[in-house]
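Residue numbering for the sequence shown follows my numbering, beginning at 1040 and increasing consecutively. Beta carbons: idealized from backbone N, C-alpha and C, even for Gly. Given the structure is predicted, the values throughout are model-derived calculations rather than measurements. Following: one structure in C-alpha coordinates, then a few remarks.
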Amino acid sequence: MIKNHLLIAAFTLVSQALPAQQTLTLQQCIDYALENNPNIKSARAGVDASQAKVGEYLSSGLPQLTAAADLGDNFVIPTTFVPAQIFDPGAPEGALAPVQFGTKYTGRASIDLQQMIFSGSYFVGLKAARTYTELSRREQAATEIDLVANIKKAYYSVLVNKERNELVKKNYQRLDSLLRQTRIMYENGFAEKIDVNRIQVQFNNISQAIKTSATALDISLKLLKFQMGMPVNEPLTLADDLQTIHFEALREDFSSNFSYHNRIEYSQLEINKALVGLDIKNTRVQYLPSLDFYGSYGASYGTAVFSNFVAFGENWRTFGVYGLRINMPIFDGMRKSKIIQQKKSQMRQVENAQQLLKSRIDLEQAQYSLEFENNLTALKAQEENMKLAEEVYNVAVLKYQQGVGSNIEVIDADAAFKEAQTNYFTALYDALISTVDLEKAYGKIVVPTTKK
(Lines of atoms letter the chains of each structure in order from A and count residues from 1; the text may use other names and numbers.)
(Lines give C-alpha, C1' and ligand atoms only; values in the text may rest on other atoms or scores of the structure.)
Protein backbone atom coordinates (compact mmCIF):
# COMPACT_ATOMS: atom_id res chain seq x y z
CA MET A 1 0.00 0.00 0.00
CA ILE A 2 2.80 2.39 0.94
CA LYS A 3 4.55 1.56 -2.33
CA ASN A 4 1.42 2.42 -4.31
CA HIS A 5 1.08 5.75 -2.51
CA LEU A 6 4.70 6.56 -3.29
CA LEU A 7 4.18 5.73 -6.96
CA ILE A 8 1.10 7.95 -7.12
CA ALA A 9 2.95 10.81 -5.42
CA ALA A 10 5.91 10.44 -7.76
CA PHE A 11 3.63 10.39 -10.81
CA THR A 12 1.87 13.52 -9.55
CA LEU A 13 5.16 15.37 -9.12
CA VAL A 14 6.36 14.38 -12.57
CA SER A 15 3.05 15.45 -14.11
CA GLN A 16 3.30 18.84 -12.42
CA ALA A 17 6.87 19.29 -13.62
CA LEU A 18 6.00 18.59 -17.26
CA PRO A 19 4.74 21.63 -19.23
CA ALA A 20 1.08 21.43 -20.22
CA GLN A 21 0.42 20.53 -23.83
CA GLN A 22 -1.35 23.38 -25.63
CA THR A 23 -3.65 22.75 -28.57
CA LEU A 24 -4.33 26.01 -30.37
CA THR A 25 -6.29 27.08 -33.41
CA LEU A 26 -4.90 29.63 -35.84
CA GLN A 27 -6.87 32.43 -34.18
CA GLN A 28 -5.66 31.36 -30.73
CA CYS A 29 -2.07 31.43 -31.97
CA ILE A 30 -2.66 34.95 -33.29
CA ASP A 31 -4.20 36.06 -29.98
CA TYR A 32 -1.27 34.55 -28.07
CA ALA A 33 1.23 36.33 -30.33
CA LEU A 34 -0.51 39.70 -29.95
CA GLU A 35 0.01 39.40 -26.20
CA ASN A 36 3.46 37.85 -26.00
CA ASN A 37 5.50 38.75 -29.08
CA PRO A 38 8.40 41.07 -28.03
CA ASN A 39 7.90 43.35 -31.05
CA ILE A 40 4.29 43.92 -30.05
CA LYS A 41 5.33 44.67 -26.48
CA SER A 42 7.85 47.22 -27.74
CA ALA A 43 5.24 48.85 -29.99
CA ARG A 44 2.81 48.98 -27.06
CA ALA A 45 5.50 50.60 -24.91
CA GLY A 46 5.99 53.18 -27.67
CA VAL A 47 2.30 54.10 -27.48
CA ASP A 48 2.53 54.41 -23.68
CA ALA A 49 5.58 56.66 -24.05
CA SER A 50 3.78 58.92 -26.54
CA GLN A 51 0.80 59.20 -24.19
CA ALA A 52 3.14 60.17 -21.36
CA LYS A 53 4.67 62.76 -23.71
CA VAL A 54 1.23 64.34 -24.11
CA GLY A 55 0.98 64.59 -20.32
CA GLU A 56 4.43 66.13 -20.16
CA TYR A 57 3.52 68.78 -22.72
CA LEU A 58 0.17 69.44 -21.03
CA SER A 59 1.92 70.07 -17.70
CA SER A 60 3.91 72.95 -19.23
CA GLY A 61 0.65 74.93 -19.45
CA LEU A 62 -0.17 74.44 -15.76
CA PRO A 63 1.06 76.75 -12.97
CA GLN A 64 4.78 76.41 -12.36
CA LEU A 65 5.60 76.93 -8.67
CA THR A 66 9.19 76.88 -7.45
CA ALA A 67 11.02 77.66 -4.23
CA ALA A 68 14.54 79.03 -4.17
CA ALA A 69 17.06 80.04 -1.53
CA ASP A 70 20.63 81.22 -1.70
CA LEU A 71 23.35 82.24 0.72
CA GLY A 72 26.33 84.28 -0.45
CA ASP A 73 29.69 85.24 1.01
CA ASN A 74 30.90 88.47 -0.57
CA PHE A 75 34.55 87.93 0.33
CA VAL A 76 35.38 90.96 -1.85
CA ILE A 77 32.69 93.61 -1.63
CA PRO A 78 32.38 95.59 -4.88
CA THR A 79 33.73 99.15 -4.78
CA THR A 80 31.85 102.07 -6.34
CA PHE A 81 33.20 105.59 -6.91
CA VAL A 82 31.00 108.54 -5.90
CA PRO A 83 31.67 112.31 -5.74
CA ALA A 84 33.93 112.99 -2.74
CA GLN A 85 31.97 116.14 -1.80
CA ILE A 86 29.13 113.91 -0.57
CA PHE A 87 31.28 112.94 2.39
CA ASP A 88 33.67 115.95 2.46
CA PRO A 89 32.23 119.31 1.31
CA GLY A 90 35.77 120.67 1.14
CA ALA A 91 36.92 118.11 -1.37
CA PRO A 92 38.05 119.42 -4.75
CA GLU A 93 35.45 119.63 -7.53
CA GLY A 94 35.32 116.40 -9.52
CA ALA A 95 37.17 114.36 -6.92
CA LEU A 96 35.87 110.80 -6.42
CA ALA A 97 35.78 108.71 -3.29
CA PRO A 98 35.76 104.87 -3.33
CA VAL A 99 32.85 103.40 -1.40
CA GLN A 100 31.90 99.76 -0.76
CA PHE A 101 28.16 99.03 -0.77
CA GLY A 102 26.83 95.77 0.62
CA THR A 103 27.50 93.29 3.37
CA LYS A 104 29.82 90.33 3.63
CA TYR A 105 26.96 87.83 3.90
CA THR A 106 23.70 87.97 1.97
CA GLY A 107 20.73 85.64 1.97
CA ARG A 108 17.56 85.33 -0.07
CA ALA A 109 14.58 82.95 -0.04
CA SER A 110 11.53 83.14 -2.27
CA ILE A 111 8.57 81.30 -3.78
CA ASP A 112 8.02 82.04 -7.47
CA LEU A 113 4.93 81.41 -9.58
CA GLN A 114 4.58 81.49 -13.33
CA GLN A 115 1.40 80.76 -15.30
CA MET A 116 1.05 80.82 -19.05
CA ILE A 117 -2.04 82.77 -20.11
CA PHE A 118 -1.70 82.67 -23.87
CA SER A 119 0.72 80.93 -26.19
CA GLY A 120 -0.28 79.88 -29.68
CA SER A 121 2.57 77.38 -29.83
CA TYR A 122 1.32 75.62 -26.70
CA PHE A 123 -2.11 74.76 -28.07
CA VAL A 124 -0.78 73.72 -31.47
CA GLY A 125 1.96 71.68 -29.81
CA LEU A 126 -0.58 69.94 -27.58
CA LYS A 127 -2.58 68.90 -30.64
CA ALA A 128 0.61 67.73 -32.34
CA ALA A 129 1.53 65.62 -29.30
CA ARG A 130 -1.87 63.92 -29.40
CA THR A 131 -1.51 63.36 -33.15
CA TYR A 132 1.89 61.81 -32.54
CA THR A 133 0.24 59.40 -30.10
CA GLU A 134 -2.13 58.39 -32.89
CA LEU A 135 0.87 57.81 -35.15
CA SER A 136 2.35 55.54 -32.47
CA ARG A 137 -0.90 53.57 -32.46
CA ARG A 138 -0.71 53.22 -36.24
CA GLU A 139 2.86 51.98 -35.93
CA GLN A 140 1.67 49.44 -33.37
CA ALA A 141 -1.10 48.36 -35.75
CA ALA A 142 1.42 47.98 -38.59
CA THR A 143 3.56 45.76 -36.35
CA GLU A 144 0.48 43.71 -35.42
CA ILE A 145 -0.56 43.28 -39.06
CA ASP A 146 2.90 42.08 -40.06
CA LEU A 147 2.87 39.69 -37.11
CA VAL A 148 -0.57 38.27 -37.98
CA ALA A 149 0.57 37.68 -41.56
CA ASN A 150 3.73 35.94 -40.34
CA ILE A 151 1.75 33.81 -37.87
CA LYS A 152 -0.63 32.69 -40.61
CA LYS A 153 2.23 31.78 -42.93
CA ALA A 154 4.08 29.93 -40.17
CA TYR A 155 0.88 28.11 -39.11
CA TYR A 156 0.17 27.04 -42.68
CA SER A 157 3.77 25.90 -43.06
CA VAL A 158 3.35 23.59 -40.06
CA LEU A 159 0.09 22.19 -41.46
CA VAL A 160 1.69 21.49 -44.84
CA ASN A 161 4.78 19.90 -43.28
CA LYS A 162 2.57 17.84 -40.98
CA GLU A 163 0.56 16.42 -43.89
CA ARG A 164 3.74 15.91 -45.92
CA ASN A 165 5.25 14.02 -42.99
CA GLU A 166 2.17 11.78 -42.75
CA LEU A 167 2.35 11.04 -46.46
CA VAL A 168 6.06 10.22 -46.26
CA LYS A 169 5.25 7.74 -43.49
CA LYS A 170 2.65 6.14 -45.74
CA ASN A 171 5.24 5.97 -48.52
CA TYR A 172 7.57 4.25 -46.08
CA GLN A 173 4.92 1.68 -45.18
CA ARG A 174 4.08 1.18 -48.85
CA LEU A 175 7.70 0.59 -49.87
CA ASP A 176 8.34 -1.54 -46.81
CA SER A 177 5.46 -3.80 -47.82
CA LEU A 178 6.64 -3.88 -51.43
CA LEU A 179 10.20 -4.71 -50.34
CA ARG A 180 8.97 -7.60 -48.20
CA GLN A 181 6.85 -8.96 -51.03
CA THR A 182 9.71 -8.66 -53.51
CA ARG A 183 12.05 -10.53 -51.18
CA ILE A 184 9.49 -13.34 -50.89
CA MET A 185 9.16 -13.41 -54.68
CA TYR A 186 12.96 -13.55 -54.97
CA GLU A 187 13.19 -16.38 -52.45
CA ASN A 188 10.56 -18.29 -54.45
CA GLY A 189 12.32 -17.66 -57.74
CA PHE A 190 9.80 -15.19 -59.15
CA ALA A 191 12.10 -12.13 -58.95
CA GLU A 192 15.75 -11.35 -59.42
CA LYS A 193 18.22 -10.02 -56.89
CA ILE A 194 18.47 -6.77 -58.83
CA ASP A 195 14.71 -6.27 -58.34
CA VAL A 196 15.19 -6.47 -54.59
CA ASN A 197 18.15 -4.08 -54.72
CA ARG A 198 16.26 -1.49 -56.76
CA ILE A 199 13.42 -1.39 -54.25
CA GLN A 200 15.93 -1.44 -51.38
CA VAL A 201 17.46 1.76 -52.79
CA GLN A 202 14.03 3.39 -52.89
CA PHE A 203 13.34 2.16 -49.36
CA ASN A 204 16.63 3.59 -48.07
CA ASN A 205 15.79 6.93 -49.68
CA ILE A 206 12.35 7.04 -48.09
CA SER A 207 13.88 6.16 -44.70
CA GLN A 208 16.06 9.26 -44.96
CA ALA A 209 13.09 11.27 -46.26
CA ILE A 210 11.20 10.47 -43.05
CA LYS A 211 13.99 12.04 -40.98
CA THR A 212 14.17 15.06 -43.28
CA SER A 213 10.39 15.50 -43.17
CA ALA A 214 10.31 15.22 -39.37
CA THR A 215 13.09 17.80 -39.10
CA ALA A 216 11.23 20.20 -41.40
CA LEU A 217 8.09 19.79 -39.30
CA ASP A 218 9.99 20.42 -36.07
CA ILE A 219 11.72 23.51 -37.47
CA SER A 220 8.48 24.97 -38.84
CA LEU A 221 6.78 24.41 -35.48
CA LYS A 222 9.64 26.11 -33.64
CA LEU A 223 9.44 29.03 -36.09
CA LEU A 224 5.73 29.39 -35.34
CA LYS A 225 6.39 29.42 -31.59
CA PHE A 226 9.17 31.96 -32.10
CA GLN A 227 6.79 34.24 -34.02
CA MET A 228 4.22 33.83 -31.25
CA GLY A 229 6.68 34.74 -28.50
CA MET A 230 6.33 31.26 -27.03
CA PRO A 231 9.37 29.34 -25.72
CA VAL A 232 10.45 27.10 -28.60
CA ASN A 233 10.75 24.07 -26.31
CA GLU A 234 7.20 24.41 -24.98
CA PRO A 235 4.83 21.71 -26.33
CA LEU A 236 2.34 22.93 -28.93
CA THR A 237 -0.24 21.11 -31.03
CA LEU A 238 -2.25 22.70 -33.83
CA ALA A 239 -6.01 22.25 -33.62
CA ASP A 240 -6.69 23.04 -37.29
CA ASP A 241 -5.87 20.95 -40.32
CA LEU A 242 -5.77 21.50 -44.07
CA GLN A 243 -9.23 20.01 -44.50
CA THR A 244 -10.74 23.03 -42.72
CA ILE A 245 -9.36 25.42 -45.35
CA HIS A 246 -11.65 26.08 -48.30
CA PHE A 247 -9.85 28.01 -50.99
CA GLU A 248 -13.00 28.70 -52.98
CA ALA A 249 -14.42 30.59 -50.01
CA LEU A 250 -11.39 32.87 -50.14
CA ARG A 251 -12.12 33.77 -53.75
CA GLU A 252 -14.11 36.84 -52.77
CA ASP A 253 -14.04 40.19 -54.52
CA PHE A 254 -11.51 41.98 -52.34
CA SER A 255 -11.65 45.06 -54.58
CA SER A 256 -15.25 45.87 -53.59
CA ASN A 257 -15.44 48.74 -51.09
CA PHE A 258 -11.66 48.99 -51.05
CA SER A 259 -10.13 52.25 -49.90
CA TYR A 260 -6.46 53.13 -49.72
CA HIS A 261 -7.15 54.07 -46.11
CA ASN A 262 -7.64 50.35 -45.45
CA ARG A 263 -3.89 49.99 -45.77
CA ILE A 264 -2.14 50.90 -42.56
CA GLU A 265 0.81 52.38 -44.47
CA TYR A 266 -1.48 54.94 -46.11
CA SER A 267 -3.05 55.99 -42.81
CA GLN A 268 0.44 56.41 -41.37
CA LEU A 269 1.29 58.82 -44.19
CA GLU A 270 -1.97 60.68 -43.54
CA ILE A 271 -0.94 61.24 -39.93
CA ASN A 272 2.57 62.27 -40.99
CA LYS A 273 0.96 64.79 -43.32
CA ALA A 274 -1.15 66.13 -40.45
CA LEU A 275 1.95 66.45 -38.26
CA VAL A 276 3.78 68.47 -40.93
CA GLY A 277 0.70 70.71 -41.23
CA LEU A 278 0.76 71.26 -37.47
CA ASP A 279 4.47 72.11 -37.66
CA ILE A 280 3.65 74.81 -40.22
CA LYS A 281 0.83 76.13 -38.05
CA ASN A 282 3.06 76.11 -34.98
CA THR A 283 5.70 78.19 -36.76
CA ARG A 284 3.10 80.70 -37.93
CA VAL A 285 1.57 81.24 -34.48
CA GLN A 286 5.04 82.13 -33.20
CA TYR A 287 4.49 85.52 -34.89
CA LEU A 288 1.83 86.16 -32.23
CA PRO A 289 2.69 87.53 -28.79
CA SER A 290 2.69 85.34 -25.70
CA LEU A 291 1.34 86.40 -22.31
CA ASP A 292 2.40 85.07 -18.90
CA PHE A 293 1.47 85.86 -15.32
CA TYR A 294 4.27 85.86 -12.78
CA GLY A 295 4.59 86.40 -9.07
CA SER A 296 7.25 86.15 -6.39
CA TYR A 297 7.27 86.44 -2.62
CA GLY A 298 10.25 86.10 -0.30
CA ALA A 299 12.70 87.64 2.12
CA SER A 300 16.31 88.83 2.02
CA TYR A 301 18.96 89.80 4.54
CA GLY A 302 22.52 91.01 4.69
CA THR A 303 24.95 91.01 7.62
CA ALA A 304 28.60 91.17 8.45
CA VAL A 305 28.23 88.41 11.06
CA PHE A 306 27.27 84.95 9.80
CA SER A 307 25.55 83.90 13.05
CA ASN A 308 22.94 86.64 12.61
CA PHE A 309 21.26 84.59 9.84
CA VAL A 310 19.64 82.31 12.41
CA ALA A 311 17.81 85.24 14.03
CA PHE A 312 14.92 85.24 11.57
CA GLY A 313 12.63 88.13 12.30
CA GLU A 314 12.99 91.80 11.81
CA ASN A 315 16.49 91.25 10.46
CA TRP A 316 14.94 89.69 7.33
CA ARG A 317 13.01 91.99 5.03
CA THR A 318 10.18 90.56 2.95
CA PHE A 319 9.39 91.48 -0.63
CA GLY A 320 6.69 90.54 -3.13
CA VAL A 321 5.82 91.23 -6.72
CA TYR A 322 3.34 90.02 -9.34
CA GLY A 323 2.54 91.11 -12.84
CA LEU A 324 2.04 90.27 -16.49
CA ARG A 325 4.79 89.67 -19.00
CA ILE A 326 4.18 89.92 -22.73
CA ASN A 327 6.68 88.83 -25.36
CA MET A 328 6.22 90.32 -28.80
CA PRO A 329 8.40 88.95 -31.64
CA ILE A 330 9.48 91.75 -33.96
CA PHE A 331 12.19 90.46 -36.29
CA ASP A 332 14.03 87.13 -36.30
CA GLY A 333 16.09 87.47 -39.45
CA MET A 334 13.44 85.62 -41.55
CA ARG A 335 14.09 82.45 -39.54
CA LYS A 336 10.43 81.43 -39.17
CA SER A 337 9.78 82.12 -42.84
CA LYS A 338 12.55 79.73 -43.85
CA ILE A 339 11.26 77.08 -41.44
CA ILE A 340 7.82 77.31 -43.07
CA GLN A 341 9.42 76.85 -46.49
CA GLN A 342 11.16 73.70 -45.22
CA LYS A 343 7.91 72.32 -43.83
CA LYS A 344 6.07 72.98 -47.09
CA SER A 345 8.77 71.00 -48.90
CA GLN A 346 8.27 68.17 -46.41
CA MET A 347 4.53 68.33 -47.09
CA ARG A 348 5.17 67.84 -50.81
CA GLN A 349 7.43 64.89 -49.99
CA VAL A 350 4.66 63.24 -47.97
CA GLU A 351 2.15 63.84 -50.77
CA ASN A 352 4.55 62.31 -53.29
CA ALA A 353 5.02 59.33 -50.96
CA GLN A 354 1.24 58.90 -50.87
CA GLN A 355 1.04 58.80 -54.67
CA LEU A 356 3.91 56.32 -54.81
CA LEU A 357 2.24 54.15 -52.18
CA LYS A 358 -1.03 54.14 -54.14
CA SER A 359 0.82 52.89 -57.21
CA ARG A 360 2.59 50.23 -55.16
CA ILE A 361 -0.70 49.10 -53.61
CA ASP A 362 -2.29 48.81 -57.07
CA LEU A 363 0.68 46.76 -58.25
CA GLU A 364 0.58 44.47 -55.20
CA GLN A 365 -3.14 43.85 -55.58
CA ALA A 366 -2.80 42.99 -59.26
CA GLN A 367 0.25 40.79 -58.62
CA TYR A 368 -1.16 38.86 -55.67
CA SER A 369 -4.57 38.43 -57.32
CA LEU A 370 -2.91 36.81 -60.34
CA GLU A 371 -0.67 34.70 -58.13
CA PHE A 372 -3.66 33.55 -56.09
CA GLU A 373 -5.59 32.45 -59.18
CA ASN A 374 -2.53 30.79 -60.71
CA ASN A 375 -1.71 28.98 -57.48
CA LEU A 376 -5.26 27.67 -57.15
CA THR A 377 -5.14 26.41 -60.73
CA ALA A 378 -1.75 24.80 -60.10
CA LEU A 379 -3.02 23.23 -56.87
CA LYS A 380 -5.96 21.59 -58.61
CA ALA A 381 -3.71 20.31 -61.39
CA GLN A 382 -1.11 18.92 -58.97
CA GLU A 383 -3.80 17.30 -56.84
CA GLU A 384 -5.15 15.56 -59.94
CA ASN A 385 -1.62 14.56 -60.98
CA MET A 386 -0.98 13.06 -57.56
CA LYS A 387 -4.15 10.95 -57.78
CA LEU A 388 -3.22 9.79 -61.28
CA ALA A 389 0.35 8.99 -60.21
CA GLU A 390 -1.00 6.92 -57.33
CA GLU A 391 -3.24 4.99 -59.70
CA VAL A 392 -0.33 4.39 -62.06
CA TYR A 393 1.79 3.15 -59.17
CA ASN A 394 -0.92 0.78 -57.92
CA VAL A 395 -1.38 -0.65 -61.43
CA ALA A 396 2.39 -1.07 -61.88
CA VAL A 397 2.68 -2.94 -58.57
CA LEU A 398 -0.29 -5.16 -59.40
CA LYS A 399 1.14 -6.02 -62.83
CA TYR A 400 4.52 -6.77 -61.27
CA GLN A 401 2.98 -9.04 -58.64
CA GLN A 402 1.03 -10.87 -61.34
CA GLY A 403 4.16 -11.36 -63.41
CA VAL A 404 3.04 -9.24 -66.37
CA GLY A 405 4.98 -6.10 -65.43
CA SER A 406 8.59 -5.22 -64.74
CA ASN A 407 10.34 -4.02 -61.62
CA ILE A 408 11.52 -0.98 -63.57
CA GLU A 409 7.91 0.07 -64.11
CA VAL A 410 7.32 -0.04 -60.35
CA ILE A 411 10.45 2.02 -59.62
CA ASP A 412 9.53 4.61 -62.26
CA ALA A 413 5.94 4.77 -61.03
CA ASP A 414 7.13 5.20 -57.43
CA ALA A 415 9.48 8.03 -58.43
CA ALA A 416 6.70 9.72 -60.42
CA PHE A 417 4.30 9.33 -57.49
CA LYS A 418 6.71 10.94 -55.02
CA GLU A 419 7.49 13.74 -57.47
CA ALA A 420 3.75 14.38 -57.84
CA GLN A 421 3.45 14.52 -54.04
CA THR A 422 6.29 17.04 -53.83
CA ASN A 423 4.71 19.20 -56.53
CA TYR A 424 1.35 19.01 -54.78
CA PHE A 425 2.69 20.18 -51.43
CA THR A 426 4.65 22.98 -53.10
CA ALA A 427 1.49 24.15 -54.86
CA LEU A 428 -0.50 23.81 -51.63
CA TYR A 429 1.97 25.94 -49.68
CA ASP A 430 2.10 28.57 -52.45
CA ALA A 431 -1.71 28.75 -52.51
CA LEU A 432 -1.90 29.22 -48.74
CA ILE A 433 0.77 31.91 -48.71
CA SER A 434 -0.89 33.77 -51.59
CA THR A 435 -4.12 34.02 -49.57
CA VAL A 436 -2.24 35.83 -46.80
CA ASP A 437 -0.48 38.14 -49.27
CA LEU A 438 -3.80 38.94 -50.92
CA GLU A 439 -5.49 39.73 -47.60
CA LYS A 440 -2.64 42.04 -46.65
CA ALA A 441 -2.63 43.76 -50.05
CA TYR A 442 -6.30 44.68 -49.67
CA GLY A 443 -5.99 45.67 -46.01
CA LYS A 444 -8.22 42.82 -44.86
CA ILE A 445 -6.08 41.82 -41.89
CA VAL A 446 -7.83 43.40 -38.92
CA VAL A 447 -5.99 43.72 -35.60
CA PRO A 448 -7.17 45.03 -32.19
CA THR A 449 -5.42 48.40 -32.55
CA THR A 450 -7.25 49.24 -35.80
CA LYS A 451 -10.58 48.53 -34.12
CA LYS A 452 -10.07 51.26 -31.52
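Per-residue burial, residue i [other beta carbons within 10 Å of its own, 16 or more giving buried]
i: residue 1486; result: buried
i: residue 1272; result: exposed
i: residue 1401; result: exposed
i: residue 1049; result: The predicted model places residue 1049 with a pLDDT of 45, which falls under 50 and marks its position as unreliable, so this point remains unresolved.
i: residue 1471; result: buried
i: residue 1074; result: exposed
i: residue 1449; result: buried
i: residue 1094; result: exposed
i: residue 1179; result: buried
i: residue 1064; result: exposed
i: residue 1219; result: exposed
i: residue 1283; result: exposed
i: residue 1228; result: exposed
i: residue 1054; result: Here residue 1054 scores only 43 on pLDDT, less than 50, and its place in the model should not be relied on; the value that follows carries that caveat. The residue is exposed, with fewer than 16 neighbouring Cβ atoms inside 10 Å.
i: residue 1203; result: buried
Among the options, nearest to residue i - alpha-carbon criterion
i: residue 1087; options: 1400, 1174 and 1145; result: 1174
i: residue 1475; options: 1354, 1403 and 1219; result: 1403
i: residue 1270; options: 1095, 1170, 1061 and 1168; result: 1061
i: residue 1184; options: 1065, 1304 and 1315; result: 1304
i: residue 1100; options: 1066, 1130, 1164 and 1335; result: 1164
i: residue 1147; options: 1356, 1307, 1073 and 1171; result: 1356
i: residue 1190; options: 1114, 1104 and 1259; result: 1259
i: residue 1176; options: 1276, 1079, 1327 and 1321; result: 1079
i: residue 1567; options: 1225, 1143, 1337 and 1370; result: There is simply no residue 1567 to check, as the chain begins at 1040 and stops at 1491 in what is shown.
i: residue 1492; options: 1161, 1213 and 1248; result: Nothing about residue 1492 can be reported from this structure: the residues present for the chain run from 1040 to 1491 only.
i: residue 1143; options: 1225, 1170, 1341 and 1370; result: 1341
i: residue 1077; options: 1267, 1211, 1118 and 1481; result: 1267
i: residue 1275; options: 1285, 1262 and 1286; result: 1262
i: residue 1221; options: 1312, 1210, 1234 and 1368; result: 1234
i: residue 1428; options: 1455, 1414 and 1409; result: 1455
i: residue 1313; options: 1469, 1103, 1171 and 1089; result: 1171
Residue interval of the beta strand (DSSP E) (run including residue i)
i: residue 1433; result: Not the beta strand (DSSP E): residue 1433 falls in the alpha helix (DSSP H), residues 1374-1440.
i: residue 1151; result: 1144-1157
i: residue 1345; result: Element bounds for residue 1345: n/a, residue is neither H nor E.
i: residue 1485; result: It is not in any beta strand (DSSP E) - residue 1485 carries neither H nor E in the DSSP assignment.
i: residue 1136; result: 1135-1139
i: residue 1107; result: 1103-1112
i: residue 1282; result: It is not in any beta strand (DSSP E) - residue 1282 carries neither H nor E in the DSSP assignment.
i: residue 1327; result: Where residue 1327 is concerned, there is no enclosing beta strand (DSSP E), given that its DSSP letter is neither H nor E.
i: residue 1276; result: 1275-1277
i: residue 1062; result: 1061-1063
Spatial distance of residue i from residue j (CA atoms)
i: residue 1255; j: residue 1397; result: 38 Å
i: residue 1281; j: residue 1198; result: 6 Å
i: residue 1125; j: residue 1138; result: 11 Å
i: residue 1140; j: residue 1344; result: 16 Å
i: residue 1457; j: residue 1230; result: 24 Å
i: residue 1136; j: residue 1127; result: 9 Å
i: residue 1328; j: residue 1112; result: 40 Å
i: residue 1297; j: residue 1467; result: 28 Å
i: residue 1134; j: residue 1114; result: 28 Å
i: residue 1441; j: residue 1421; result: 30 Å
i: residue 997; j: residue 1445; result: In this structure the chain extends from 1040 to 1491, so residue 997 is not present and cannot be described.
i: residue 1465; j: residue 1251; result: 16 Å
i: residue 1302; j: residue 1265; result: 26 Å
i: residue 1130; j: residue 1118; result: 20 Å
i: residue 1225; j: residue 1236; result: 11 Å
i: residue 1459; j: residue 1187; result: 31 Å
i: residue 995; j: residue 1484; result: With the chain covering only 1040 through 1491, there is no way to say anything about residue 995.
i: residue 1339; j: residue 1145; result: 7 Å
i: residue 1238; j: residue 1473; result: 38 Å
Limits of the unbroken alpha helix (DSSP H) element including residue i
i: residue 1241; result: 1232-1267
i: residue 1361; result: Careful: residue 1361 lies outside any alpha helix (DSSP H), inside the beta strand (DSSP E) at 1356-1366.
i: residue 1118; result: Here residue 1118 belongs to no alpha helix (DSSP H); instead the beta strand (DSSP E) covers 1118-1122.
i: residue 1094; result: 1077-1098
i: residue 1314; result: 1303-1324
>> Could you tell me which whole alpha helix (DSSP H) segments of length 4 or greater appear in the stretch 1438-1468?
In response: none
>> Please give me, in chain order, every unbroken run of the alpha helix (DSSP H) with length at least 4 that falls completely inside the stretch 1166-1223.
In response: none
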